[in-house]
Amino acid sequence: MHAASICCPPSPVNLWIAVWSREWQLLFRQLQDLLQPLVYFAMVVMIVPLGTDPSADVLARLAPAVVWMAVVLAVVLSLDRLFRDDARDGTLAVLLTAPTPLWWVLLAKLLAHWLGLGLLLTMAAPLAGAAYGLAAPAVGVLLLTVLAGSLGLMALGMVAGALTVGVRNGGVLVAIILLPLYVPLLVFGAGAVGAVQSGFEGGGPVYFVAALSVLYATLAPPLAAVALRLSYD
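Okay, so the sequence shown: first residue is 41 according to the working numbering, each after it adds one.
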């Protein structure tokens, strides 16, 4: 979407679809931006066993924390592109002046990013868990927590990215802002898998991760819209 392509105000639904389609196409057109977080995820998962006891019991106990940390770091690495291209080509300036509420457009960006990278990480996480020796029930819970939790991770990342959109080397600042905020999702996401490994019910932590992610995804677009307007004022 470029400034010249908007000659008359589109309807909110059409604009939402246009933004979603553009994000989806860019995500898979620029494969290096998509593959870098996945490669980083794989590197974290593979390196940790080299520095600890490689026995099956130890790796199985470490698996929830290691996989979730790898997911968190992969998401943080991917957040730099949320607003980078839009700020460079003028699309963000157009969206800021469009009659459609900015939060509505940002919701499309968030969901496109989640359905792209989030689902890829969701598919990679069970494979990593199985490689660490997790039992099938624990692998299933790991899949659910990463699927739900990645939405919350990216929603928080959208707000941090909006706050630092005009900052040089903003990726480092984004990481500093986000890592403390990611703690609840990390603790309960890994804790749900650990509970199943110990023979307890993991439903409670899974529901908490899902509810927290929905809350973050609901609040993030309006907050990011305010942050973007402040950055451009």
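Backbone N, C-alpha and C fix where the C-beta goes; we use that ideal spot for every residue, glycine too.
Range covered by the alpha helix (DSSP H) that runs through Y256:
243-272
Next item on the list: Along the alpha helix (DSSP H) that carries Q70, what are the first and last residues, could you check?
Entry: Q70 -> no alpha helix (DSSP H), and no H or E assigned at all.
Problem set entry | Cβ distance (whole Å) where S253 is taken to contact G189 below 8 Å | The beta-carbon distance between S253 and G189, rounded to whole angstroms, is 6 Å. This is short enough to meet the 8 Å contact definition.
_To the nearest angstrom, how far is the alpha carbon of A267 from that of P77?_
25 Å
*Any 3 or more C-beta pairs closer than 8 Å across the region 107-115 and the region 176-190*: Contact between the region 107-115 and the region 176-190 is present: 3 or more CB-CB pairs across the two stretches fall below 8 Å.
Q.
I need the boundaries of the alpha helix (DSSP H) containing F228, first residue and last residue.
A. It spans 223-237 - the alpha helix (DSSP H) in which F228 sits, taken as one unbroken run.
*Measure the C-alpha to C-alpha separation of L263 and V199 and round it to an integer number of angstroms.*
6 Å
- Quick one: is T258 buried, meaning 16 or more other Cβ sit within 10 Å of its Cβ, or exposed? exposed
query: Should the region 225-245 be called in touch with the region 148-162, which here means at least 3 C-beta pairs below 8 Å?
result: The region 225-245 is not in contact with the region 148-162.
Residues near I57 by beta carbon distance below 7 Å, same chain, minus five either side:
none
Output yes or no for whether 7 Å exceeds the beta carbon distance between L191 and V111.
no
Hey, how far is the Cα of V246 from the Cα of Y222?
15 Å
Original post:
Around the Cβ of P166, are there at least 16 other Cβ atoms within 10 angstroms (buried) or fewer (exposed)?
Top reply: buried
task: Report the residue ranges of all alpha helix (DSSP H) runs contained in full by the region 159-214; include only those spanning at least 4 residues, in chain order.
output: 159-171, 176-203
Where P94 sits in the DSSP three-state scheme:
coil
Express the C-alpha separation of S95 and P220 in angstroms, rounding to a whole number. 31 Å
Exercise for the section: Could you pull out every residue in the same chain whose Cβ sits closer than 7 Å to the Cβ of V201, ignoring the five residues on either side in sequence? Expected result: As written in the sequence, residue 201 is Gly, which differs from the Val given in the question. The answer, listed in chain order, is L119, L122, F123, V214.
Do A176 and V233 count as a contact pair if the criterion is CB distance below 7 Å?
no
Note to self: Buried or exposed, going by whether 16 or more other CB atoms sit within 10 Å of the CB of E63?
What the structure shows: buried
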